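One structure is given below, encoded as structure tokens.
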Amino acid sequence: MFHQLTVGDAGPEVDELQQRLVDLGFEVNEPRDRFDEVTRISVEQFQRSRGLDASGVCDSATWRALLEAEHQFGSRPLYLASPMLRGDDVATLQLRLGSLGFNAGRVDGIFGPNTQRAVRDFQQNVDLVVDGVCARDTVSQLDRLTSRGGGHSIAGMREREDLDVRATALGGLRVAICHRGVDNALVGALGADLHLAEAVVSVASDDDWSALAAATNAFEADVCLAVDVVDAVGVEIAYYSTDGFQSEAGRMLAESLLRQLPHPPGWPPSVARGMRLPILRETRCPTVRIKIGPIDDVAEIHSLLVAAGHRALRAWTDRATLNS
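Quick note on the working numbering: the sequence shown kicks off at 279 and runs consecutively.
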């Protein structure tokens, strides 16, 4: 298990962290192996560049992102494996395939069945051996047909099409609500409220967002609401977005929530933005992360938040009717 690194830590793990930061162009002080303020700032800058929460603490999500950043497209064969291959090279592959009209699914940097299928379709179209492995010949053809900049993946358009044909009612919608165990009362009340509207609801709690993403996928959710109650004042809603791809369904839900959520006096303006948090990246369904706090304020407007969440989700499910 990865143990997070923060200011004051020292040792070989910090030295490796600093070397990876330097390799990516970030600054660290000499001598190495001590997590100082310069390292904290570099970690924070890296986190922002990867769409993670900019805490300045190297947690498990940050460490995984550092590991994935070392993989450049073409530096290794890419194929379906268990556990699935992850990396910036996989994201580049997905984006290039998607920009050519081969739907590899969302650009998440995870080589899954959809990516393998898109690789096989591409190989068949350019008269290569159809084996689903992105190796030298496939890389060469992709280099020939696409620019280094990538473009935009067809997957975003496909997600929007799926959104337009999805059932336009809460009844029967499979809703996953997850949180990190801080405010069970809020998510429990929201789950009960949606259950009364005949939605099929799953409520899960875990300290690991990746574990919650796996539970959401196992539930085969149509949509996921991830709630994170924090000390900071205000509300921020995140949906999945990366270079060349944005979850349109997630963005629409985030904006629907922004319109409905209450705004107590003294709170800063609420925002919705694209991020690459594990819960957003690893869930197969449209997902939003609702970061809200502090807990005392949340408790005071508990019933308003539940009602707002219900209205926002209902408005989101009604959008196909409104768009037709």
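Just so you know, even glycine gets a beta-carbon here, dropped at the ideal spot from N, CA and C. None of the values given here were measured: they were computed from a predicted structure.
Which same chain residues end up closer than 8 Å to residue i when comparing Cβ atoms and leaving out the 5 residues on each side of it in sequence?
i    : result
N307 : D314, V316, T317
D506 : H457, R458, V460, R567, I568, K569, I570
V511 : G544, W545, P546, G571, P572, D575
G334 : T284, V285, R318, I319, V321, E322, Q325
L600 : Low local confidence applies: a pLDDT of 43 at L600 is under 50, so the model's placement there is unreliable, with the coordinate-based value given in what follows. Closer than 8 Å at Cβ, skipping near neighbours: no residue.
D311 : A288, G289, P290, V292, D293, Q296
Ignore the nearest five residues each way along the sequence and tell me which others in residue i's own chain have a CB closer than 7 Å to its CB.
i    : result
A347 : L302, D366
F280 : S338, W341
G427 : Below a pLDDT of 50, predicted positions are generally treated as unreliable, and G427, at 48, falls in that range; the measurement from the model is reported next regardless. Same-chain partners within the cutoff: there are none.
W594 : M530, L531, S534
Does the distance from the CB of residue i to the CB of residue j come in under 9 Å?
i    : j    : result
Q524 : R589 : no
G376 : V385 : yes
A516 : R551 : yes
E578 : A492 : no
R562 : T494 : yes
T393 : L358 : yes
M553 : D415 : no
V453 : G469 : yes
L531 : L448 : no
R398 : D409 : yes
L344 : C336 : yes
G352 : Q372 : no
Between which two residues does the beta strand (DSSP E) harbouring residue i extend?
i    : result
A447 : Segment: none, A447 is in no beta strand (DSSP E) and carries neither H nor E.
By the DSSP assignment, the alpha helix (DSSP H) with residue i in it spans what residues?
i    : result
G587 : 580 to 595
P391 : 391 to 403
Q297 : 290 to 301
V465 : 462 to 474
A339 : 338 to 347
Identify every residue that forms a DSSP beta bridge with residue i.
i    : result
A455 : Reading the sequence as shown, one finds Ile at residue 455 and not Ala. DSSP output for I455 lists V481, L503 as bridge partner(s).
L330 : In the DSSP output, where bridge partners are listed per residue, L330 has none listed.
L356 : C412
I570 : V507, V513
I388 : R364
R312 : A288
L283 : C336
Given residue i, which residues of its chain have a CB within under 6 Å of its CB, disregarding the five upstream and five downstream residues?
i    : result
S602 : Only weak support exists for where S602 lies, its pLDDT of 33 falling under 50; the coordinates are left without a value.
G390 : M362
A477 : L448, L451, V453
A504 : C456, I557, R567
Can you confirm whether residue i, when its beta carbon is compared against all beta carbons of chain D, has any partner nearer than 9 Å?
i    : result
G352 : The displayed structure is made up of one protein chain only, and chain D is not part of it.
Residue i: beta carbon under 8 Å from a heavy atom of the ligand ZN?
i    : result
Q297 : The ligand ZN is absent from the structure shown, which contains no ligand whatsoever.
Any alpha helix (DSSP H) of 4 or more consecutive residues that is wholly inside the stretch 478 to 566: 487 to 497, 526 to 538, 556 to 560
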